[in-house]
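Counted the way my numbering counts, the sequence shown spans residues 11 to 345. What follows is a single structure, written as structure tokens, with notes after it.
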Amino acid sequence: MRVEMIPDSMTPDFHTSLRRWFRSHGRELPWRAAPTPYAVLVSEFMLQQTTVAAVIPYFVRWMQRFPDIATLAAAPESDVLKLWEGLGYYSRARNLHRAAQSVTAQCGGNIPSDLPSLRSLPGIGPYTAAAIAAFAFDQCVPVLDANINRVVARLFNYRENITTKAGRDFLELAAASLLPKSGGRRHASALMDLGATVCRSGEPNCTACPVHHFCKAVDPEELPVKPPKKTITEITDWRSFSLTDDSIFLIESPGPTWRGLWILPPGEPTPDPLATLVYSITRYKVTLGISLIFPQPNWTPFPLSNLPPMPSPHRKALRLILAKKTPRCLAREEA
Ligand code: SF4
11 MRVEMIPDSM TPDFHTSLRR WFRSHGRELP WRAAPTPYAV LVSEFMLQQT TVAAVIPYFV
71 RWMQRFPDIA TLAAAPESDV LKLWEGLGYY SRARNLHRAA QSVTAQCGGN IPSDLPSLRS
131 LPGIGPYTAA AIAAFAFDQC VPVLDANINR VVARLFNYRE NITTKAGRDF LELAAASLLP
191 KSGGRRHASA LMDLGATVCR SGEPNCTACP VHHFCKAVDP EELPVKPPKK TITEITDWRS
251 FSLTDDSIFL IESPGPTWRG LWILPPGEPT PDPLATLVYS ITRYKVTLGI SLIFPQPNWT
311 PFPLSNLPPM PSPHRKALRL ILAKKTPRCL AREEA
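This is the structure in structure tokens:
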């Protein structure tokens with residue numbers, strides 16, 4: 011398949027249109043206010059698989075508690091996981107912590123600016139390395155997140171699967187052909203915001219698009235082409251609620267999911283659960299059922315006022331139960 015690129019002679023006009031639009035329509039985000047390498051590093055880890063709206067309050071809290079890379083590196087992992095609680099995909103928090111320790115120990119606390127050094131840090135793949143290079147160091151490199159992938163695939167009317175090696179190579183080449191000579195931060199931010207607010211998934215607002223004169227998309231709502239979504243498997247997970255003297259019993263997750271977090275212990279199916287809730291994780295739709303049970307010797311009690319880091323579904327289930335009845339009430343019933 012032949013794909014025409016935007017001619018070199020037109021890219022200055024493309025950049026001017028995009029820059030003008032970004033000046034008046036770009037999003038104000040807390041990590042953009044002062045894009046230090048540390049702020050960008052934190053935001054990029056948080057934004058992996060999570061929306062901007064969900065990340066903002068976490069980012070603000072994080073920068074208050076861990077204002078610089080040395081503070082983060084010195085913090086206990088349990089504090090790091092506790093502050094991440096509710097954001098999900100906890101391996102990101104552990105990797106961010108390890109990356110901070112590595113930068114502090116090996117780079118004198120200075121986050122590297124070159125792609126190979128960035129890639130050598132825990133949890134940093136090609137996308138995150140490029141994003142840090144562009145947003146923190148203003149480098150002109152292709153930054154290909156989901157929003158920019160969509161914009162680029164549509165601009166070039168790329169009608170093949172973008173998740174294959176050929177598809178990724180094409181997007182890299184096409185995005186590189188759009189790069190300005192300077193101002194990599196603004197360029198990547200503008201393309202990202204264009205994808206998030208105008209060239210949206212399924213419903214592009216082409217009449218409001220500052221670069222529609224350059225766009226070759228024929229049926230943009232059909233692009234980019236991706237493989238069919240994986241089928242979702244439904245499972246039920248029974249967990250236990252056990253409480254004595256205002257302490258709840260938990261076990262440390264054996265991993266790999268939720269490693270380093272504390273979860274409700276395994277439970278038995280019951281026709282009358284204390285709480286049920288449904289959540290999604292990777293390709294599973296999980297119905298979480300909670301039964302009341304006596305504590306086992308290998309379970310650990312934690313005071314309700316000082317719980318360790320817990321994954322969202324288990325913390326929510328706990329909150330649901332405690333909202334229905336007081337802990338003492340449940341303890342009496344069991345007794
Ligand atoms: S013209 Fe439409 S499809 Fe093309 S980049 Fe703009 S919003 Fe996206």
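Idealized CB from N, CA, C, for every residue including glycine.
Host beta strand (DSSP E) of residue i (start-end)
i: residue 89; result: Per DSSP, residue 89 belongs to no beta strand (DSSP E); it is in the alpha helix (DSSP H), 87–94.
i: residue 285; result: 285–291
i: residue 248; result: 243–251
i: residue 79; result: Note, residue 79: premise wrong, no beta strand (DSSP E); alpha helix (DSSP H) at 79–84.
i: residue 347; result: In the structure as shown, the chain starts at 11 and stops at 345, and residue 347 therefore has no counterpart that could be examined.
i: residue 346; result: Lying before the first or after the last residue shown, residue 346 is absent from the chain, which here runs from 11 to 345.
Cβ neighbours of residue i in the same chain (closer than 7 Å, five flanking residues each side left out)
i: residue 334; result: none
i: residue 50; result: 41, 142, 145, 146
i: residue 231; result: 212, 213, 214
i: residue 170; result: 11, 176, 177, 235
i: residue 224; result: 16, 20, 24, 165
i: residue 110; result: 79, 82, 83
i: residue 228; result: 167
i: residue 71; result: 93
C-alpha distance - residue i paired with residue j, whole-angstrom precision
i: residue 256; j: residue 311; result: 9 Å
i: residue 207; j: residue 35; result: 9 Å
i: residue 283; j: residue 259; result: 17 Å
i: residue 261; j: residue 95; result: 16 Å
i: residue 337; j: residue 270; result: Only weak support is given to the placement of residue 337: the predicted model assigns it a pLDDT of 46, under 50, and the question is left unresolved by the model.
i: residue 186; j: residue 318; result: 45 Å
i: residue 166; j: residue 16; result: 8 Å
i: residue 37; j: residue 190; result: 20 Å
i: residue 266; j: residue 100; result: 10 Å
i: residue 39; j: residue 45; result: 10 Å
i: residue 29; j: residue 92; result: 40 Å
i: residue 226; j: residue 98; result: 38 Å
i: residue 9; j: residue 292; result: With the chain represented from 11 up to 345, any question about residue 9 goes unanswered, as that position is not in the structure.
i: residue 22; j: residue 222; result: 15 Å
i: residue 24; j: residue 188; result: 8 Å
i: residue 18; j: residue 26; result: 14 Å
i: residue 192; j: residue 140; result: 15 Å
i: residue 278; j: residue 117; result: 50 Å
i: residue 320; j: residue 273; result: 6 Å
i: residue 73; j: residue 248; result: 37 Å
i: residue 59; j: residue 102; result: 10 Å
i: residue 330; j: residue 61; result: 25 Å
Segment limits, alpha helix (DSSP H) that includes residue i
i: residue 101; result: 101–116
i: residue 199; result: 194–207
i: residue 177; result: 175–187
i: residue 298; result: Unbroken run through residue 298 is the beta strand (DSSP E), 294–302; no alpha helix (DSSP H).
i: residue 23; result: 21–35
i: residue 224; result: Run containing residue 224: none; DSSP gives neither H nor E here.
i: residue 48; result: 47–57
i: residue 322; result: 322–334
i: residue 62; result: 62–75
i: residue 42; result: 40–43
Same chain, Cβ closer than 8 Å to residue i, neighbours up to 5 away in sequence not counted
i: residue 113; result: 79, 83, 119, 120, 121, 122, 131
i: residue 87; result: 104, 107, 270
i: residue 124; result: 143
i: residue 173; result: 236, 237
i: residue 339; result: Note on residue 339: pLDDT 38, under 50, position unreliable in the model; no value is reported.
i: residue 65; result: 53, 56, 57, 97
Cβ neighbours of residue i in the same chain (closer than 6 Å, five flanking residues each side left out)
i: residue 280; result: 301
i: residue 149; result: 143, 194
i: residue 31; result: 220
i: residue 252; result: 259, 303, 305
i: residue 163; result: 172, 233, 234
i: residue 47; result: 121, 146
i: residue 296; result: 245, 247, 289
Taking the runs of the alpha helix (DSSP H) that are 4 residues or longer, which of them lie wholly in the segment 130–165?
136–147, 156–165
Would the segment 301–311 and the segment 136–150 be scored as touching if the rule is three or more Cβ pairs under 8 Å?
no
Do the segment 284–295 and the segment 317–332 meet, that is, are 3 or more Cβ pairs less than 8 Å apart?
yes
The segment 144–164 touching the segment 176–185, judged by at least three CB pairs closer than 8 Å:
yes
Count the CB pairs spanning the segment 194–204 and the segment 232–250 that are closer than 8 Å, and state whether there are at least three.
no
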